[in-house]
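Novice:
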Amino acid sequence: MISHREIMRRLAHAVAADLTVLEYCVRHFDRGLDVHVGAYPDGIPGTEDSPFLWITAEEQNEDV
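Counting from 1357, one number per residue, gives the positions in the sequence shown under the numbering used here.
#1: Based on the DSSP secondary-structure assignment, which residues constitute the bridge partners of ILE1363?
#2: Contact between the segment 1378-1388 and the segment 1357-1365 is defined here as three or more beta-carbon pairs at a separation below 8 Å; is this criterion met?
#3: Looking at C-alpha atoms only, which residue of LEU1378, LEU1409 and ASP1374 is the closest neighbour of VAL1427?
#4: Which of the three DSSP states, helix, strand or coil, is assigned to ASP1374?
#5: Use the C-beta contact count for VAL1420: other C-beta atoms within 10 angstroms, 16 or more gives buried, fewer gives exposed.
#6: Could you tell me whether the Cβ of GLY1402 comes closer than 9 Å to any Cβ of chain D?
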């Protein structure tokens, strides 16, 4: 059985590798998408970190 963590990791890799997502982010933000899985080590991402995708399990996100 596949773990929730593995599902989130595979999703992150798929989104990060998508050329349409990359092109959109570069066109609108002048850089690619920053993808994070699980806890964000530097605290909650801010506008200066944009664009970003933060993939967490629901229970990890309750305090945000």
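We treat Cβ as the ideally placed atom computed from N, Cα and C, and that holds for glycine.
Specialist: From the atom records:
#1: None, per the DSSP bridge assignment.
#2: no
#3: With the chain running from 1357 to 1420 in the structure shown, residue 1427 is simply not present.
#4: coil
#5: At VAL1420, the pLDDT of 43 sits below 50, so the modelled position is not reliable; the number obtained from the coordinates is stated separately. VAL1420 comes out exposed.
#6: In the displayed structure, chain D is absent; only one protein chain is listed.
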